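Worksheet: the structure to be examined is printed underneath.
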Amino acid sequence: MSARQQINITVDGHYDPAEVALQQGVPAQLTFTRTSTQGCLAQVHSTDLHFTTELPLDQPQTVTVPTDRAGEFYFSCGMDMVSGKVVIA
Numbered sequence: 001m002s003a004r005q006q007i008n009i010t011v012d013g014h015y016d017p018a019e020v021a022l023q024q025g026v027p028a029q030l031t032f033t034r035t036s037t038q039g040c041l042a043q044v045h046s047t048d049l050h051f052t053t054e055l056p057l058d059q060p061q062t063v064t065v066p067t068d069r070a071g072e073f074y075f076s077c078g079m080d081m082v083s084g085k086v087v088i089a
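Taken in order, the sequence shown gives residues 1 to 89; the numbers are from the UniProt record's numbering.
Structure below.
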């Protein structure tokens, strides 16, 4: 059985890291932690990866990412002004 992939992303005016690499077929989760009130980053969503979640200040929020298909998939703030990318290979 493969291990789960867990990536932590800090949200502070941008996403850090802004690009995440995941292995196809291995279960994966992204944990977003918003550490400032700067910008429009109180929500993160991805049409590509089928998630939307609110990001309360200093409260980690975890989303499960489907890894069944390879490609580049994007996530962004609620206003689509700040974005990041998940690369599944």
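In this text, a Cβ means the ideal position worked out from N, Cα and C, and glycines have one as well.
Just so you know, these numbers come straight off a predicted model, no measurement behind them.
Between the beta-carbon of residue i and the beta-carbon of residue j, is there less than 8 Å?
i	j	result
Val-11	Leu-55	yes
Val-65	Gln-29	yes
Phe-84	Glu-19	The question names Phe, yet the displayed sequence has Gly at residue 84. A contact, by the Cβ cut-off of 8 Å.
residue 124	Val-63	What the structure shows of the chain is the stretch from 1 to 89, and residue 124 is not part of that stretch, so it cannot be assessed.
Ser-46	Phe-75	yes
Report the residue from the options whose alpha carbon sits nearest the alpha carbon of residue i.
i	options	result
Ala-42	Met-81, Ile-88, Lys-85	Met-81
Val-26	Gln-61, Arg-4, Gly-84	Arg-4
Gln-59	Phe-51, Asp-68, Arg-34, Thr-53	Arg-34
Pro-17	Ile-9, Gly-71, Ser-76	Ile-9
Gln-23	Ser-76, Gly-71, Phe-75	Gly-71
Ile-7	Ala-21, Arg-69, Ala-89	Ala-21
Gln-38	Ser-46, Tyr-15, Arg-69, Thr-47	Tyr-15
Gly-13	Arg-69, Val-44, Cys-40	Cys-40
Am I right that residue i and residue j are in contact with their C-beta atoms under 8 Å? What's the rounded C-beta distance?
i	j	result
Gln-61	Thr-53	5 Å
Completely contained beta strand (DSSP E) runs for the stretch 12-83, where each covers 3 or more residues: 19-22, 28-34, 43-46, 51-54, 61-65, 71-77
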